[in-house]
Structure formats: structure tokens, C-alpha cells
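*Asks:*
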Amino acid sequence: MGIHAALAVHPASGHGAAARVADTVAERLRTAVDRLDVLVAHSVEESRALMQSSHAAGLDVLVVLGGDGAAHQGVQFCANHDVALGLVPAGTGNDFARALGLPGEPLPAVDALVAALRSGARRRIDLGRVGDTWFATVLCAGFDASVNERANRMRWPSGPRRYDVAILAELAGFRSRPVVVDTGTGRLELDATLVAIGNTRFYGGGVPICPTADPEDGVFDVTIIGHATRRGLIRLLPGLRTGKHLTHPAVRTLRARSVTLAGNTWPAYADGEPQGTVPVTASCVPGALTVLA
Numbered sequence: 001m002g003i004h005a006a007l008a009v010h011p012a013s014g015h016g017a018a019a020r021v022a023d024t025v026a027e028r029l030r031t032a033v034d035r036l037d038v039l040v041a042h043s044v045e046e047s048r049a050l051m052q053s054s055h056a057a058g059l060d061v062l063v064v065l066g067g068d069g070a071a072h073q074g075v076q077f078c079a080n081h082d083v084a085l086g087l088v089p090a091g092t093g094n095d096f097a098r099a100l101g102l103p104g105e106p107l108p109a110v111d112a113l114v115a116a117l118r119s120g121a122r123r124r125i126d127l128g129r130v131g132d133t134w135f136a137t138v139l140c141a142g143f144d145a146s147v148n149e150r151a152n153r154m155r156w157p158s159g160p161r162r163y164d165v166a167i168l169a170e171l172a173g174f175r176s177r178p179v180v181v182d183t184g185t186g187r188l189e190l191d192a193t194l195v196a197i198g199n200t201r202f203y204g205g206g207v208p209i210c211p212t213a214d215p216e217d218g219v220f221d222v223t224i225i226g227h228a229t230r231r232g233l234i235r236l237l238p239g240l241r242t243g244k245h246l247t248h249p250a251v252r253t254l255r256a257r258s259v260t261l262a263g264n265t266w267p268a269y270a271d272g273e274p275q276g277t278v279p280v281t282a283s284c285v286p287g288a289l290t291v292l293a
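For the sequence shown, position 136 matches number 136 in UniProt numbering, and the numbering has no gaps at all.
#1: Roughly how many angstroms separate the alpha carbons of Phe220 and Ser258, rounded to a whole number?
#2: For Thr137, count neighbouring C-beta atoms within 10 Å of its own C-beta (all shown protein chains included) and say buried if the count is 16 or more, exposed if not.
#3: Between the alpha carbons of Thr118 and Gly184, how many angstroms are there, rounded?
#4: DSSP state of Leu117, grouped into three classes?
#5: Under the three-state reduction of DSSP, which class applies to Ile234: helix, strand or coil?
#6: Among Cys284, Glu27 and Gly226, whose alpha-carbon lies nearest the alpha-carbon of Asp37?
#7: If we ignore side chains and look at the alpha-carbon of each, how far apart do Leu236 and His245 end up?
#8: What's the gap between the Cα of Gly263 and the Cα of Val278?
#9: Could you please give the first and the last residue of the uninterrupted alpha helix (DSSP H) stretch that includes Arg153?
#10: Is it true that the CB of Val9 sits closer than 9 Å to the CB of Ala17?
#11: Could you pull out every residue in the same chain whose Cβ sits closer than 7 Å to the Cβ of Leu59, ignoring the five residues on either side in sequence?
#12: Would DSSP call Ile209 helix, strand or coil?
#13: Please return the same chain residues whose Cβ sits closer than 7 Å to the Cβ of Leu102, not counting the five positions on each side in sequence.
#14: Quick check on the DSSP output: what are the complete beta strand (DSSP E) runs of length 3 or more inside the UniProt domain "DAGKc" (1 to 133), in order along the chain?
#15: Would you check if the distance between the CB atom of Leu50 and the CB atom of Leu39 is smaller than 9 Å?
#16: Give the straight-line distance between the Cα atoms of Phe174 and Asn148, rounded to the nearest whole angstrom.
#17: According to DSSP, is Arg255 helix, strand or coil?
#18: What are the boundary residues of the beta strand (DSSP E) that includes Val181?
#19: How long is the line joining the alpha carbons of Gly142 and Arg162, rounded to whole angstroms?
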């Protein structure tokens with residue numbers, strides 16, 4: 001039986017990068033599938049409706065051409081409908097694609113997907129779940145979520161530098177807050193700067209906040225940065241890009257299948273998308289998503 005695939009294109013991703021390569025990506029995918037639906041969407045609602053239409057016709061594989069926001073929507077659909085997901089990164093962060101080991105440019109990435117389609121190579125990975133929402137990468141609350149919120153409002157610069165500028169802006173007014181981290185088997189109460197619950201390693205355009213997170217081990221890696229002065233945070237931040245922050249005395253890590261954060265009203269973000277405010281509970285669901293390997 002042949003492969004029925006769909007290519008979900010988010011034209012605005014990467015400041016138009018997705019739109020520029022969409023035809024080439026579709027052409028290459030057609031060499032490895034029997035049917036390809038090209039779904040061009042300008043809103044989340046439109047994207048969901050187009051995916052549902054393809055699913056009704058027997059969809060096997062959804063390939064998302066876009067950034068982490070587009071990938072997040074693809075994760076929702078594929079996890080809920082047991083459809084395999086492929087990613088062609090064309091955004092500013094591309095953290096989920098990076099965690100899966102995909103090339104960082106669209107055309108090498110689609111060539112890797114074509115090879116996987118031809119060989120049948122797929123694997124199942126874990127996802128996080130908050131209420132009815134799935135997440136593939138990291139749920140964060142505290143300083144990093146505030147940075148994410150600010151970065152989403154910024155029009156300049158693009159890429160990882162947007163996060164760097166947002167970090168500097170947030171430093172001016174941020175203070176650590178009391179937080180409760182409850183894993184069901186343990187409970188921490190402390191003043192903290194941020195808590196990151198990682199299914200995969202990266203957020204913020206390549207920051208390995210949870211450097212040892214593995215989306216196939218059935219548990220989250222949790223990174224907690226405790227109380228830090230503004231000066232201490234400035235000294236800590238460069239280590240985030242290399243994963244060296246784990247050696248800092250203000251940082252502690254743990255592993256858990258479920259994590260509840262409480263004790264304040266920090267914003268919470270998962271896959272770079274808003275998830276309301278603390279309190280929030282995240283659960284790891286083993287093998288929830290099939291991806292093209």
C-alpha cells in the first residue's frame with residue numbers, strides 16, 4: 001500500500017524562508033510517496049482544518065515545513081491521530097528539529113526525510129503533556145518564560161539573537177520567586193530564577209537547558225536555577241549556550257515522570273507557546289509520537 005503524505009507549509013516561518021523553498025521541498029518529497037497533499041495555512045485554525053481533511057483521506061505522514069510554532073501544531077495533530085511526523089526546519093529556532101538530529105537547513109533536511117520515507121525508518125518518542133496540549137521540547141517557567149514572552153513580541157532581530165536581546169531586557173526587572181517543584185516522589189520549596197522541564201535538550205534557538213534529556217527514556221530532565229542576583233545571572237548565562245551551567249552552584253537537576261510547579265504566578269511556555277501561568281503540571285507520555293528517523 002502506498003504512502004499518503006501531506007506537506008504543511010507555514011509561509012511566514014523564518015521570515016518567508018518556508019514559502020521560498022516550499023515548491024522544491026514538495027518536489028523532492030513526491031519522489032518518495034504515492035500521494036502528497038500540499039497544505040498552505042496562514043493560521044492555526046486553517047492548518048488544523050487542512051490536516052483533518054488529509055487525515056480523512058487516509059494520511060500516513062505529515063511533514064511540517066516551518067519553525068517550532070509550526071512543529072508544535074504538527075505534534076498536536078500527529079499525536080492525537082497516530083500519524084507519523086517529519087520536520088523540515090525553516091524557522092528562527094528549530095529546536096525540535098535540532099533535538100531529532102535533523103540538518104538545520106530545509107533542503108538537506110528534506111533529503112534526510114526522503115531517505116527515511118524510502119527505507120521506512122521511523123521511531124517513537126516521548127512527549128510532554130499539559131492539560132490537553134502536547135509538547136515535544138521544553139516547558140519553562142520563570143525567567144526563561146518571561147524572555148520567551150518578550151521575544152515573541154519583538155520584530156527584530158531574528159534567530160537566536162532575538163533571545164539574547166530579550167534576555168538583556170528582562171534582566172533589568174527580574175527577581176527570583178518562591179516556587180514549589182513536586183514530582184510525586186519528592187518536593188522542593190525554594191527561591192528560584194527558572195525551572196525548565198525537558199523532554200528534549202534545547203530551547204531558545206539552540207540553548208541546551210537540559211543537556212542530557214532523552215526523548216526515548218520515559219522521563220523528563222528538569223533543570224532548576226535557584227536564587228541568583230542580577231550579576232550572578234549575567235555570569236551564569238554564557239554557560240547556557242554550552243551546557244556548562246549544570247556545574248554552577250545555583251543549579252540543580254532531577255528526573256521525573258511528572259512535575260507540578262506551584263507557589264507563584266510565573267508565565268509558563270512549552271515549545272515556545274504560552275501555556276498560561278503557574279501552577280502547572282507536566283506529564284511525560286512514553287512513545288506518544290512517531291517521527292521519521
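The beta carbon of each residue, even a glycine, is placed where N, CA and C say it ideally should be. Since this is a predicted model, take the numbers as computed values, not measurements.
*Replies:* In this structure, then:
#1: By one-based count along the sequence shown, residue 220 stands at place 220. By one-based count along the sequence shown, residue 258 stands at place 258. Their backbone Cα atoms lie some 8 Å apart in a straight line.
#2: Counting from one through the sequence shown, the residue named residue 137 turns up at place 137. Under this definition Thr137 is a buried residue.
#3: By one-based count along the sequence shown, residue 118 stands at place 118. By one-based count along the sequence shown, residue 184 stands at place 184. Checking the sequence, you will find Arg at residue 118 rather than Thr. Looking at the two C-alpha atoms, the distance is approximately 43 Å.
#4: Residue mapping note: residue 117 aligns to position 117 of the sequence shown, counting from 1. Here Leu117 sits in helix by DSSP.
#5: The sequence position of residue 234 within the sequence shown is 234, counting from 1. Helix at Ile234.
#6: By one-based count along the sequence shown, residue 37 stands at place 37. Taking only the C-alpha atoms, the option nearest Asp37 is Glu27.
#7: In the sequence shown, the residue the question calls residue 236 occupies position 236. In the sequence shown, the residue the question calls residue 245 occupies position 245. Approximately 6 Å, taken between the alpha carbons.
#8: Position 263 of the sequence shown, counted from the first residue, corresponds to residue 263. Position 278 of the sequence shown, counted from the first residue, corresponds to residue 278. Straight-line Cα distance between these residues: approximately 8 Å.
#9: Position 153 of the sequence shown holds residue 153. Here the alpha helix (DSSP H) through Arg153 covers Phe143 to Arg153.
#10: To locate residue 17, count along the sequence shown from 1; it is residue 17. To locate residue 9, count along the sequence shown from 1; it is residue 9. No. Outside cutoff.
#11: To locate residue 59, count along the sequence shown from 1; it is residue 59. Excluding residues within five positions, the ones whose Cβ falls inside 7 Å are His4, Ala6 and Val83.
#12: On the sequence shown, position 209 is the one that residue 209 refers to. Coil, per DSSP.
#13: What you label residue 102 is simply residue 102 of the sequence shown in a count that begins at 1. Answer for Leu102: Leu87, Pro89, Ala109 and Ala112, listed in chain order.
#14: 4 to 9, 35 to 40, 61 to 66, 84 to 89 and 122 to 130
#15: In the sequence shown, counting from the first residue as 1, residue 50 sits at position 50. In the sequence shown, counting from the first residue as 1, residue 39 sits at position 39. Yes, the Cβ-Cβ distance between Leu50 and Leu39 is below 9 Å.
#16: Numbered from 1 along the sequence shown, position 174 holds the residue referred to as residue 174. Numbered from 1 along the sequence shown, position 148 holds the residue referred to as residue 148. Taking the straight line from one Cα to the other gives about 13 Å.
#17: Along the sequence shown, read from residue 1 onward, the residue named residue 255 stands at position 255. Note: Arg255 maps to strand in three-state DSSP.
#18: By 1-based counting over the sequence shown, the position of residue 181 is 181. Segment Arg177 to Asp182, the beta strand (DSSP E) holding Val181.
#19: Within the sequence shown, the letter at position 142 stands for residue 142. Within the sequence shown, the letter at position 162 stands for residue 162. About 18 Å.
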